[in-house]
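S.K.: Numbers in the working numbering are just positions in the sequence shown, counted from 1, shifted up by 89.
Virtual Cβ for every residue (Gly too), placed ideally from N, Cα, C.
Just so you know, these numbers come straight off a predicted model, no measurement behind them.
Pasting a structure here, questions to come.
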Amino acid sequence: MAEHILKERECWFLLVLFFMIVIVISGDTTTTMANERTTQTYDLLPMGWDKFCYRKTNGLDTNDRLDYKCIIDGESSGLWELETLRNWTDNINTNYTMGIECKEGSNVSLPWPMKPMNLIELRVTNCIVLDYFKDFGNPMLDSTPDQLIVLDLSNIHVIIRLSEMLAVANTIDTVNKDYQCGCEDTVQRYISRNITYGFHQEIMSGMSSDKGLEIMQAGDRFLAKTRNIPYNCVYKRLTYYDQSISASKAKLFMELSTDNSRYPVLRFYNLSRIGVDRIHQQVMRWYRYFDKLEYMDLSRNKITELQFEDSVKAYEGDYPDFTLDLSYNKISEITAQHIERLSKIPNMFIDLKENPINCSCSEDVKHLLKLIHNKGVWKKESYKRYEYVKVLRCNEPVKLEGKTLISITENDLLCEVDVEYVVDYASIISLSVFALFLIIIIIILAKFRREIRILTYTRFHIILPCQSELLYENKRYDAFVSYSSADQEWVSKTFEDMEESKNESMSKFRFCLHHRDFIPGKTIFDNVIDSVETSRHTVIVLSRNFLNSHYCMYEFHEAFQQSIIERKKHLIVILLEDIPTNELPKDLKRCLKTFTYIRKDDMIFEDRLVFALSYKSNKRLTSRSDSESTSRTMNSQISRETDVTSDGNMSPSVISTDSVFPPIITPDDFLGKTQKCENHL
Numbered sequence: 090m091a092e093h094i095l096k097e098r099e100c101w102f103l104l105v106l107f108f109m110i111v112i113v114i115s116g117d118t119t120t121t122m123a124n125e126r127t128t129q130t131y132d133l134l135p136m137g138w139d140k141f142c143y144r145k146t147n148g149l150d151t152n153d154r155l156d157y158k159c160i161i162d163g164e165s166s167g168l169w170e171l172e173t174l175r176n177w178t179d180n181i182n183t184n185y186t187m188g189i190e191c192k193e194g195s196n197v198s199l200p201w202p203m204k205p206m207n208l209i210e211l212r213v214t215n216c217i218v219l220d221y222f223k224d225f226g227n228p229m230l231d232s233t234p235d236q237l238i239v240l241d242l243s244n245i246h247v248i249i250r251l252s253e254m255l256a257v258a259n260t261i262d263t264v265n266k267d268y269q270c271g272c273e274d275t276v277q278r279y280i281s282r283n284i285t286y287g288f289h290q291e292i293m294s295g296m297s298s299d300k301g302l303e304i305m306q307a308g309d310r311f312l313a314k315t316r317n318i319p320y321n322c323v324y325k326r327l328t329y330y331d332q333s334i335s336a337s338k339a340k341l342f343m344e345l346s347t348d349n350s351r352y353p354v355l356r357f358y359n360l361s362r363i364g365v366d367r368i369h370q371q372v373m374r375w376y377r378y379f380d381k382l383e384y385m386d387l388s389r390n391k392i393t394e395l396q397f398e399d400s401v402k403a404y405e406g407d408y409p410d411f412t413l414d415l416s417y418n419k420i421s422e423i424t425a426q427h428i429e430r431l432s433k434i435p436n437m438f439i440d441l442k443e444n445p446i447n448c449s450c451s452e453d454v455k456h457l458l459k460l461i462h463n464k465g466v467w468k469k470e471s472y473k474r475y476e477y478v479k480v481l482r483c484n485e486p487v488k489l490e491g492k493t494l495i496s497i498t499e500n501d502l503l504c505e506v507d508v509e510y511v512v513d514y515a516s517i518i519s520l521s522v523f524a525l526f527l528i529i530i531i532i533i534l535a536k537f538r539r540e541i542r543i544l545t546y547t548r549f550h551i552i553l554p555c556q557s558e559l560l561y562e563n564k565r566y567d568a569f570v571s572y573s574s575a576d577q578e579w580v581s582k583t584f585e586d587m588e589e590s591k592n593e594s595m596s597k598f599r600f601c602l603h604h605r606d607f608i609p610g611k612t613i614f615d616n617v618i619d620s621v622e623t624s625r626h627t628v629i630v631l632s633r634n635f636l637n638s639h640y641c642m643y644e645f646h647e648a649f650q651q652s653i654i655e656r657k658k659h660l661i662v663i664l665l666e667d668i669p670t671n672e673l674p675k676d677l678k679r680c681l682k683t684f685t686y687i688r689k690d691d692m693i694f695e696d697r698l699v700f701a702l703s704y705k706s707n708k709r710l711t712s713r714s715d716s717e718s719t720s721r722t723m724n725s726q727i728s729r730e731t732d733v734t735s736d737g738n739m740s741p742s743v744i745s746t747d748s749v750f751p752p753i754i755t756p757d758d759f760l761g762k763t764q765k766c767e768n769h770l
């Protein structure tokens with residue numbers, strides 16, 4: 090259950106990022122129910138189910154065990170509901186086995202943990218499953234005994250409601266054991282093959298920043314909560330467990346599957362085709378988690394390295410012979426040492442067939458070929474299990490591709506150079522000097538590429554190639570400056586001097602400073618909102634004084650919301666002093682990774698600020714009046730500026746609202762505060 094929640098969380102972020110829900114439903118539609126139906130009874134099924142379900146007459150169907158097959162098509166889609174079956178079987182003293190096959194993308198209602206009375210076998214294939222979390226908190230589960238013996242879910246697409254998923258994720262450590270563990274006392278065969286997850290259409294509309302923040306916080310807390318689950322799910326009779334063919338397995342699915350679950354009699358565990366790229370610790374130490382495991386299938390994955398434990402102490406105990414299937418992976422290196430170590434572990438066998446072996450010349454390959462051609466070694470009983478290594482085929486180099494290891498020798502490895510080169514030392518030296526000079530130039534350009542782009546624009550009015558043009562917005566101010574009153578002296582000197590500068594590239598800007606430009610009679614909150622909305626940018630003068638001011642933080646959140654509304658880089662942060670990251674609020678930390686920020690003591694501080702505030706055009710920098718007159722002809726342009734003034738990584742101007750969701754501060758949050766507006770301004 091814990092693994093399901095984590096997989097659903099990953100599906101959520103995938104769907105939000107790419108705005109795509111994939112529904113894969115398959116099934117054979119050529120066979121009709123009428124052709125298969127042999128016996129039909131109306132009194133043993135809920136009303137109306139006889140139209141799509143029929144009783145099978147075979148060796149399994151007896152008076153004490155009724156075997157039904159249901160074909161769900163477009164007409165019967167949504168009519169099969171587990172809750173209806175549960176209400177019906179509560180009054181019948183007969184066991185049921187039920188197979189459900191969906192066609193034409195039809196759906197059924199199948200809430201976890203699927204515990205109706207008298208249902209001992211349930212097989213569902215090719216269906217869209219609804220109401221997965223519907224039974225969360227259902228008190229009836231406490232009184233319903235475990236009876237399900239076989240649960241087979243294959244080729245299923247589960248549709249989840251976000252609100253229900255969050256309710257389970259936020260209380261995973263307090264979830265009732267009957268809900269968490271399912272039919273742990275009775276289930277013997279559990280198949281969960283090719284399961285995909287999607288979200289209900291309601292999540293794709295009306296997405297708010299508050300809800301996004303809630304999702305991120307729930308995900309962050311989920312893993313820690315699973316560690317606090319006060320009980321273990323003990324599957325006392327489970328012998329066959331199939332979780333194969335899944336592209337949505339969580340990275341920690343093995344840890345979540347074993348931390349709070351025990352499998353004392355599990356013999357077969359299928360994890361093929363799930364996309365894992367390494368051998369987990371739980372696999373290398375299978376004897377600690379699966380006492381009776383005989384076969385674990387990890388074939389057809391993306392594992393690249395052969396790893397296993399061979400400590401003698403690790404394998405003490407009465408464990409059955411264990412086979413680990415690693416065939417059809419991407420393991421390219423098998424050494425003689427691997428074979429020697431494996432031969433000393435009598436109760437474990439690893440299948441490495443059909444892996445792409447690299448037969449390029451190396452000492453390890455030479456030693457492996459010596460071992461393979463040593464006939465005396467393969468007469469030993471401990472080595473005979475791995476004789477298949479002889480016929481593993483080389484994948485590279487190209488000359489040896491497709492050849493078996495037993496068919497090649499050390500002489501085939503192309504270790505020696507066959508061509509003698511005539512060395513022209515003068516040419517080599519010349520080319521080396523030229524290459525060194527070119528590398529130095531490239532390093533300089535790469536290291537200072539942002540500074541070069543800024544200076545060529547501010548000093549020479551040149552836009553370098555690949556620098557997108559930016560739409561000029563005809564707003565009252567170029568920037569609203571948010572700062573603490575304790576930093577007013579520096580702010581006044583910096584920004585008022587820029588307005589009065591003789592340098593045309595600086596004097597064209599107009600700034601909104603609250604000590605000068607706020608309108609008397611308006612509330613501080615109205616002034617802040619109006620100033621942010623009528624400014625192309627908001628400049629945050631970040632200092633400890635700023636962090637200690639509630640009103641400054643309010644201005645920051647208003648500016649951030651404006652960035653989301655306008656879908657562009659509205660915020661510019663000036664670091665007035667060094668502040669340790671652990672003293673910054675979480676939302677400011679995220680914003681410093683997303684938005685432009687400039688250090689006060691930067692050598693080209695003014696150039697960086699001018700570049701961040703300017704709109705980029707292939708025309709020369711102009712005065713404000715000229716810019717405003719040309720803005721009407723530019724309204725059809727779309728601005729996608731790349732941030733080249735920050736010290737961090739380059740980031741797009743269009744803000745992705747699903748990456749950062751700081752909490753919204755409203756004026757109501759300040760009611761009752763004793764701090765006066767004048768103290769801040």
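In or out: residue 515 buried (at least 16 other Cβ within 10 Å) or exposed?
M.R.: Here residue 515 corresponds to residue number 426 of the sequence shown, with the count starting at 1. Burial call: exposed.
S.K.: Between the Cα of residue 253 and the Cα atoms of 227, 231 and 276, which residue gives the shortest distance?
M.R.: The residue labelled residue 253 in the question sits at position 164 within the sequence shown. For residue 253, the nearest C-alpha among the options comes from 227.
S.K.: What's the gap between the Cα of residue 498 and the Cα of residue 458?
M.R.: Numbered from 1 along the sequence shown, position 409 holds the residue referred to as residue 498. Numbered from 1 along the sequence shown, position 369 holds the residue referred to as residue 458. The straight-line gap from Cα to Cα measures roughly 7 Å.
S.K.: Using a Cβ-Cβ cutoff of less than 6 Å, which residues in the same chain neighbour residue 429 once the five nearest sequence positions on both sides are dropped?
M.R.: Reading the sequence shown from its first residue, position 340 is the one you call residue 429. Nothing meets the Cβ criterion.
S.K.: Just checking my contact of residue 572 with residue 645 at CB under 8 Å: how many whole Å lie between their CB atoms?
M.R.: On the sequence shown, residue 572 is found 483 positions in, with the first residue counted as 1. On the sequence shown, residue 645 is found 556 positions in, with the first residue counted as 1. Their Cβ separation, rounded to whole angstroms, is 11 Å, which puts residue 572 and residue 645 out of contact at 8 Å.
S.K.: Enumerate in chain order the residues of its own chain whose CB-to-CB distance from residue 103 is below 7 Å, with the five nearest sequence positions on each side excluded.
M.R.: In the sequence shown, counting from the first residue as 1, residue 103 sits at position 14. Unreliable placement is indicated for residue 103, whose pLDDT of 37 sits below 50; the coordinate value is still reported in the next sentence. Result list for residue 103: empty, nothing under 7 Å.
S.K.: Within the continuous alpha helix (DSSP H) that includes residue 270, where are the two ends?
M.R.: The residue labelled residue 270 in the question sits at position 181 within the sequence shown. Residues 266-270.
S.K.: Buried or exposed for residue 175, going by 16 or more other Cβ atoms inside 10 Å?
M.R.: Position 86 of the sequence shown, counted from the first residue, corresponds to residue 175. Under this definition residue 175 is a buried residue.
S.K.: Just reading off the beta strand (DSSP E) that residue 207 is part of, what are its end residues?
M.R.: As a position in the sequence shown, residue 207 is number 118, starting the count at 1. Segment: none, residue 207 is in no beta strand (DSSP E) and carries neither H nor E.
S.K.: Rounded to whole angstroms, how far is the Cβ of residue 534 from the Cβ of residue 693, which I believe are closer than 8 Å?
M.R.: As a working note, residue 534 is residue 445 in the sequence shown. As a working note, residue 693 is residue 604 in the sequence shown. That belief does not hold up - the Cβ atoms of residue 534 and residue 693 are roughly 17 Å apart, past 8 Å.
S.K.: Determine the direct distance from the alpha carbon of residue 580 to that of residue 742, and round the result to whole angstroms.
M.R.: Numbered from 1 along the sequence shown, position 653 holds the residue referred to as residue 742. Numbered from 1 along the sequence shown, position 491 holds the residue referred to as residue 580. Here residue 742 scores only 32 on pLDDT, less than 50, and its place in the model is too uncertain to base an answer on.
S.K.: Starting from the C-beta of residue 482, find all residues in its chain whose C-beta is less than 7 Å away, skip the five residues before and the five after it, and write them out in chain order.
M.R.: Taking the first residue of the sequence shown as position 1, residue 482 is located at position 393. For residue 482, where only same-chain residues beyond five positions count, the Cβ hits under 7 Å are 446, 491, 492 and 493.
S.K.: Figure out for me which residue from 487, 460, 518 and 520 has the closest Cα to the Cα of residue 495.
M.R.: As a working note, residue 495 is residue 406 in the sequence shown. For the residues 487, 460, 518 and 520, the minimum Cα distance to residue 495 belongs to 460.
S.K.: Starting from residue 179 and walking both ways along the alpha helix (DSSP H), at which residues does that stretch end?
M.R.: Translated into positions along the sequence shown, residue 179 becomes position 90. No alpha helix (DSSP H) contains residue 179, which DSSP labels as neither H nor E.
S.K.: Among 617, 414 and 663, which one has its Cα closest to the Cα of residue 650?
M.R.: Looking up residue 650 in the sequence shown gives position 561. Measuring from the Cα of residue 650, the nearest candidate turns out to be 617.
S.K.: Report buried or exposed for residue 477, applying the criterion of at least 16 other Cβ atoms within 10 angstroms of its Cβ.
M.R.: Along the sequence shown, read from residue 1 onward, the residue named residue 477 stands at position 388. The residue is exposed, with fewer than 16 neighbouring Cβ atoms inside 10 Å.
S.K.: For residue 320, is the classification buried or exposed, using 16 other Cβ atoms within 10 angstroms of its Cβ as the cut-off for buried?
M.R.: The sequence position of residue 320 within the sequence shown is 231, counting from 1. Per the 10 Å Cβ criterion, exposed.
S.K.: Check whether the Cβ atoms of residue 398 and residue 373 lie closer than 7 Å to each other.
M.R.: Within the sequence shown, numbered from 1, the residue matching residue 398 stands at position 309. Within the sequence shown, numbered from 1, the residue matching residue 373 stands at position 284. Against a cut-off of 7 Å, the Cβ pair of residue 373 and residue 398 comes out as a contact.
S.K.: Per the DSSP calculation, residue 537 is bridged to which residue(s)?
M.R.: Stepping through the sequence shown from its first residue, residue 537 is reached at position 448. Its beta-bridge partners do not exist; DSSP assigns none.
S.K.: Assign residue 510 to one of three DSSP states: helix, strand, or coil.
M.R.: Counting from one through the sequence shown, the residue named residue 510 turns up at place 421. Unreliable placement is indicated for residue 510, whose pLDDT of 44 sits below 50; the coordinate value is still reported in the next sentence. Reduced to three states, the DSSP call for residue 510 is coil.
S.K.: Locate the beta strand (DSSP E) running through residue 627, then write down its first and last residues.
M.R.: Here residue 627 refers to the residue found at position 538 when the sequence shown is read from its first residue. It spans 624-631 - the beta strand (DSSP E) in which residue 627 sits, taken as one unbroken run.
S.K.: Taking Cβ positions, are residue 187 and residue 211 nearer each other than 7 Å?
M.R.: Within the sequence shown, numbered from 1, the residue matching residue 187 stands at position 98. Within the sequence shown, numbered from 1, the residue matching residue 211 stands at position 122. Going by C-beta atoms, residue 187 is nearer than 7 Å to residue 211.
S.K.: Using the Cα positions of residue 233 and residue 153, report the straight-line distance between them to the nearest angstrom.
M.R.: Stepping through the sequence shown from its first residue, residue 233 is reached at position 144. Stepping through the sequence shown from its first residue, residue 153 is reached at position 64. Answer to the nearest angstrom: the Cα atoms are 20 Å apart.
S.K.: Per DSSP, residue 242 forms a beta bridge with which residues?
M.R.: For the purposes of this step, residue 242 is identified with residue 153 of the sequence shown, where counting begins at 1. The partner list for residue 242 (beta bridge, DSSP) reads 213 and 281.
S.K.: In chain order, what residues of the same chain have a beta carbon less than 8 Å from the beta carbon of residue 367, not counting five sequence neighbours either side?
M.R.: In the sequence shown, counting from the first residue as 1, residue 367 sits at position 278. Only 392, 393, 394 and 396 meet the Cβ criterion.
S.K.: Starting from residue 437, trace the beta strand (DSSP E) in both directions and tell me its first and last residue.
M.R.: For the purposes of this step, residue 437 is taken as the residue at position 348 of the sequence shown. First-last of the beta strand (DSSP E) with residue 437: 437-440.
S.K.: Let me check understanding here. Comparing Cα to Cα, which of 166, 290 and 359 lies closest to residue 197?
M.R.: Residue numbering aside, residue 197 sits at position 108 when the sequence shown is read from its first letter. When only C-alpha atoms are compared, the closest one is 166.
S.K.: Cβ atoms of residue 181 and residue 209: under 7 Å apart, would you say?
M.R.: As a position in the sequence shown, residue 209 is number 120, starting the count at 1. As a position in the sequence shown, residue 181 is number 92, starting the count at 1. Contact: no.
S.K.: Buried or exposed for residue 142, please, with buried defined as at least 16 other CB atoms from any protein chain shown within 10 angstroms of its CB.
M.R.: Here the question's residue 142 lines up with position 53 in the sequence shown. Residue 142 is buried by the Cβ-count criterion.
S.K.: In its own chain, which residues sit with a C-beta less than 8 Å from the C-beta of residue 624, not counting the 5 before and 5 after it?
M.R.: Here residue 624 is taken as the residue at index 535 of the sequence shown, counted from 1. The answer, listed in chain order, is 564, 565, 566, 567, 568, 569 and 601.
S.K.: Report the rounded CA-to-CA distance for residue 540 versus residue 607, giving the unit in angstroms.
M.R.: Counted from its first residue, the sequence shown places residue 540 at position 451. Counted from its first residue, the sequence shown places residue 607 at position 518. C-alpha separation (whole angstroms): 35 Å.
S.K.: At which residues does the alpha helix (DSSP H) containing residue 144 begin and terminate?
M.R.: One-based indexing of the sequence shown puts residue 144 at position 55. No alpha helix (DSSP H) holds residue 144; the beta strand (DSSP E) holding it covers 142-144.
S.K.: In the DSSP assignment, the beta strand (DSSP E) including residue 329 goes from what residue to what residue?
M.R.: Along the sequence shown, one-based indexing puts residue 329 at 240. Note, residue 329: beta strand (DSSP E), 329-331.
S.K.: Pull the bridge partners of residue 323 from the DSSP assignment, please.
M.R.: Here the question's residue 323 lines up with position 234 in the sequence shown. Paired residue(s): 351.
S.K.: Can you tell me whether residue 586 is helix, strand or coil according to DSSP?
M.R.: The residue you call residue 586 lines up with position 497 of the sequence shown. In this structure, residue 586 counts as helix in the three-state DSSP scheme.
S.K.: Would you report the Cα separation of residue 281 and residue 246, rounded to the nearest angstrom?
M.R.: By 1-based counting over the sequence shown, the position of residue 281 is 192. By 1-based counting over the sequence shown, the position of residue 246 is 157. Taking the straight line from one Cα to the other gives about 11 Å.
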